[in-house]
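Protein chains in written order, with this note's numbering: chain V, 2 to 213; chain Z, 2 to 213. Beneath this line is the structure, given in structure tokens, with notes to follow.
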DNA sequence: CCTAATCTGCAAACGGTGTTCGCAGTTTAA
DNA sequence: TTAAACTGCGAACACCGTTTGCAGATTAGG
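The following block contains the structure:
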């Protein structure tokens, strides 16, 4: 994890040579279109290059790996988190607003769930996200480390919810082997709780950011 | 998601033909050893077959795809969750114990973080896990749906913690672009909170399982 | 017991992937 | 003007999951 070799501080091109026919932004934009339409697995170097009318090998003039492309895609999507709410509301409300925006972002770009979960060096828009969350948490009286952890946990919970929205329901459970499970599944489900997301975020925040 | 074609109710072999030289369990065990040592990406059909002294194509006599193998690996690892705690302790303590066991499981098999996150039909040991959690939550007075959601959320938070333990620290943040972030990173971190995991799980449980 | 159906192991092949490399041509710095 | 550095490109490499065809072994049914 040498920061010097990261995609975020490597220049897009040198000063010599002919003008490049493409750009990082154009490549990333094409990859995002592809991922939105057909999922992250469809984002192959050949497919992205094909969308730009070139060959797979040519992309390596702009990126050093497919992982770089995924990092750039992730950061480009995080730019859609703007604008961030002001700090004039109670901080739990403001954080919940940010979390909701993020959940909508994950719905808009389902591939982000996988792309953002991958270990990677955070790009400028991810850093901006962290920075704004810290700003919203400024009135909270607790150690910085706890704030970091709380932000990371809220972010993670958003991904959990986004993931769960595409999950399959349980079915065909053996009532002998798993009695409690079968019983719970056989009971008619009462009214769905629409506020599950809000409750999760709020209880996590209050639990992790208690003063001390 | 036809349950009839799932790996969990397909017989391992028919009645005719010579005795097979391998077994699903042996294949899964070899794959787990490989994943423990070199990660999930190293679990290729060729590598697993090589560890068993055969060819990649031969594995398809026992499994129908690599996804099947990953499903079997996941369920095999979940078997290590046993034994489950009794229901004679307060349910938040019991659930926390289960969550801690799961975190240890994820530390032992880091590949499980990725394998279990993948959408898949739950195997018998995963169903058993759910069943035991529901048993522990039997004294709680709230809808079954809320219990399902709480269990899923606790499970997800465990994966979040397991993932975060392998993350890289932030570094080299521009104090002009991200003032709050740079300030928080420059302040000396106080004593680490060792009870972050417990607090997260407990606050989630209390927030999601409030009576009603 | 014999035949036919079925299974096993194996090696080769297919289409796909990310990535590297060499080459020809173009632009710029010195 | 020369040399360095860059561009695009296509072929190639080493993998990957999976399919297929075949020889040999086993078993079920008559």
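Positions of the beta carbon are idealized from the N, C-alpha and C atoms, including for glycine.
Looking at the structure shown, is residue 181 of chain V part of a helix, part of a strand, or coil, going by DSSP?
Position 180 of the first chain, counted from the start, is the residue given in the question as residue 181 of chain V. Helix at residue 181 of chain V.
Using only alpha-carbon positions, find the residue among Z/172, Z/197, Z/188 that is nearest to residue 128 of chain V.
To locate residue 128 of chain V, count along the first chain from 1; it is residue 127. Among Z/172, Z/197, Z/188, the Cα nearest to that of residue 128 of chain V is on Z/172.
Does any C-beta atom of chain Z lie closer than 8 Å to the C-beta of residue 190 of chain V?
Taking the first chain and counting its residues from 1, one reaches residue 190 of chain V at position 189. Output row for residue 190 of chain V: interface = yes.
Test item: CB-CB of residue 141 of chain V and residue 210 of chain V under 8 Å
Along the first chain, one-based indexing puts residue 141 of chain V at 140. Along the first chain, one-based indexing puts residue 210 of chain V at 209. A contact, by the Cβ cut-off of 8 Å.
Cross-chain neighbours of residue 217 of chain V in chain Z, by beta carbon under 8 Å
Residue 217 of chain V cannot be examined here, being either before or after the span of chain V that is shown, 2 to 213.
Spatial neighbours of residue 104 of chain Z within its chain, please: C-beta separation below 8 Å, excluding the five flanking residues on both sides.
Counting from 1 along the second chain, the entry for residue 104 of chain Z is found at position 103. Hits under 8 Å: 159, 162, 163, 198.
Report the three-state DSSP secondary structure of residue 15 of chain Z (helix, strand or coil).
Locating residue 15 of chain Z in the second chain gives position 14, where the first residue counts as 1. Residue 15 of chain Z falls in the coil class under three-state DSSP.
Rounded to whole angstroms, what is the Cα-Cα separation between residue 84 of chain Z and residue 168 of chain Z?
As a position in the second chain, residue 84 of chain Z is number 83, starting the count at 1. As a position in the second chain, residue 168 of chain Z is number 167, starting the count at 1. Whole-angstrom Cα-Cα distance: 30 Å.
At what residue ranges does the segment 54-83 of chain V contain a whole run of the beta strand (DSSP E), taking only runs of 3 or more?
DSSP assignment within the segment 54-83 of chain V yields no whole beta strand (DSSP E) run of 3 residues or more.
Indicate whether the contact test is met: 3 or more Cβ pairs, each with one atom in the segment 13-30 of chain V and one in the segment 69-88 of chain V, closer than 8 Å.
Yes, the segment 13-30 of chain V is in contact with the segment 69-88 of chain V.
What distance in whole Å lies between the Cβ atoms of residue 204 of chain Z and residue 204 of chain V, which are believed to be in contact at a cut-off of 8 Å?
As a working note, residue 204 of chain V is residue 203 in the first chain. As a working note, residue 204 of chain Z is residue 203 in the second chain. Yes, they are in contact, since the Cβ atoms of residue 204 of chain V and residue 204 of chain Z sit about 5 Å apart, within 8 Å.
Under 8 Å, Cβ to Cβ, is there at least one residue of chain Z near residue 93 of chain V?
Looking up residue 93 of chain V in the first chain gives position 92. Taking Cβ atoms only, chain Z never reaches closer than 8 Å to residue 93 of chain V, which makes this a no.
Chain V beta carbons: is any one of them nearer than 8 Å to that of residue 123 of chain Z?
In the second chain, counting from the first residue as 1, residue 123 of chain Z sits at position 122. Yes, because at least one Cβ of chain V sits closer than 8 Å to the Cβ of residue 123 of chain Z.
Using a Cβ cut-off of 7 Å, pull out every chain Z residue sitting near residue 174 of chain V, in sequence order please.
The residue labelled residue 174 of chain V in the question sits at position 173 within the first chain. The contacting residues are 128.
Indicate the three-state DSSP secondary structure (helix, strand or coil) for residue 166 of chain Z in the structure shown.
For the purposes of this step, residue 166 of chain Z is identified with residue 165 of the second chain, where counting begins at 1. Three-state DSSP puts residue 166 of chain Z in coil, outside helix and strand.
Near residue 106 of chain Z, which residues of its chain fall below 7 Å by C-beta distance, leaving aside the five closest residues on each side in sequence?
As a working mapping, residue 106 of chain Z is identified with position 105 in the second chain. Excluding residues within five positions, the ones whose Cβ falls inside 7 Å are 78, 81, 82, 113.
Within 8 Å (strictly less), CB to CB, does residue 181 of chain V reach chain Z?
Locating residue 181 of chain V in the first chain gives position 180, counting from the first residue. For residue 181 of chain V, the answer is yes, since a Cβ of chain Z falls inside 8 Å of its Cβ.
Taking the alpha-carbon of residue 96 of chain V as reference, which of V/110, V/63, V/130, V/23 has the nearest alpha-carbon?
As a first step, residue 96 of chain V is located in the first chain; it is residue number 95 there, counting from the start. Closest option to residue 96 of chain V, Cα to Cα, is V/130.
DSSP three-state call for residue 143 of chain V: helix, strand or coil?
Residue mapping note: residue 143 of chain V aligns to position 142 of the first chain, counting from 1. Coil at residue 143 of chain V, not helix or strand.
In chain order, what residues of the same chain have a beta carbon less than 7 Å from the beta carbon of residue 102 of chain V, not counting five sequence neighbours either side?
Here the question's residue 102 of chain V lines up with position 101 in the first chain. Cβ neighbours of residue 102 of chain V beyond the five flanking positions: 82.
Do you know offhand how far residue 15 of chain Z's Cα is from residue 61 of chain Z's?
Position 14 of the second chain, counted from the first residue, corresponds to residue 15 of chain Z. Position 60 of the second chain, counted from the first residue, corresponds to residue 61 of chain Z. Cα-Cα distance, rounded: 14 Å.
Buried or exposed (CB count within 10 angstroms, at least 16 for buried), residue 132 of chain Z
Along the second chain, read from residue 1 onward, the residue named residue 132 of chain Z stands at position 131. Result: buried.
By the 10 Å Cβ neighbour count, where 16 or more other Cβ atoms means buried, how is residue 150 of chain Z classified, buried or exposed?
On the second chain, position 149 is the one that residue 150 of chain Z refers to. Buried.
Is the Cβ of residue 142 of chain V closer than 8 Å to any Cβ of chain Z?
Your numbering for residue 142 of chain V matches position 141 in the first chain. False, the Cβ-Cβ gap to chain Z never drops below 8 Å.
So what does DSSP say about residue 195 of chain V, is it helix, strand or coil?
If you number the first chain from 1, residue 195 of chain V lands on position 194. Reduced to three states, the DSSP call for residue 195 of chain V is coil.
Starting from the C-beta of residue 136 of chain V, find all residues in its chain whose C-beta is less than 7 Å away, skip the five residues before and the five after it, and write them out in chain order.
Along the first chain, one-based indexing puts residue 136 of chain V at 135. For residue 136 of chain V, where only same-chain residues beyond five positions count, the Cβ hits under 7 Å are 88.
Identify whether residue 174 of chain Z lies in helix, strand or coil by the three-state DSSP scheme.
By one-based count along the second chain, residue 174 of chain Z stands at place 173. Residue 174 of chain Z falls in the coil class under three-state DSSP.
Answer with buried or exposed for residue 201 of chain V, where buried requires no fewer than 16 other C-beta atoms within 10 angstroms of its C-beta.
Taking the first chain and counting its residues from 1, the one referred to as residue 201 of chain V is at position 200. Classification for residue 201 of chain V: buried.
Measuring only between beta-carbons, confirm whether residue 87 of chain Z sits less than 8 Å from chain V.
Within the second chain, numbered from 1, the residue matching residue 87 of chain Z stands at position 86. Chain V, which has no Cβ nearer than 8 Å to the Cβ of residue 87 of chain Z, makes this no.
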